Amino acid sequence: MKSQKRATKRRKGVSARERNMRRIESNDRESQTMHFLNDVFEGLRNVLPPINIERNL
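Residue numbers for the sequence shown follow UniProt numbering, so the first one is 1 and each next one is one higher.
In structure tokens form, the structure reads like this:
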């Protein structure tokens with residue numbers, strides 16, 4: 001069998017600055033999502049009664 005090489009696709013016209021901006025924007029969206037989820041879970045903690053479960057480790 002002969003090995004087949006695949007051509008790698010290169011992004012044309014995407015500068016380092018553009019990649020950096022996209023990464024920053026993506027990180028910002030992820031941060032906003034995590035803050036939202038944390039707020040939702042905090043709201044649930046305030047509504048649900050506490051449960052004490054002892055675990056044997």
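Backbone N, C-alpha and C define an ideal beta-carbon position, used for all residues, glycine too.
As the structure is a prediction and not an experimental result, all values here were calculated from the model.
Nearest-angstrom Cα distance between residue i and residue j?
{"i": "Glu18", "j": "Glu25", "result": "10 Å"}
{"i": "Asn52", "j": "Gln32", "result": "31 Å"}
{"i": "Glu42", "j": "Lys12", "result": "44 Å"}
{"i": "Leu37", "j": "Glu30", "result": "11 Å"}
{"i": "Glu54", "j": "Asn27", "result": "38 Å"}
{"i": "Asp39", "j": "Ala16", "result": "35 Å"}
Counting contacts by CB-CB distance shorter than 7 Å, is residue i in contact with chain E?
{"i": "Arg6", "result": "The question asks about chain E, but that chain is absent: this structure has only one protein chain."}
Along the chain, where does the alpha helix (DSSP H) containing residue i start, and where does it finish?
{"i": "Val47", "result": "Ala16 to Val47"}
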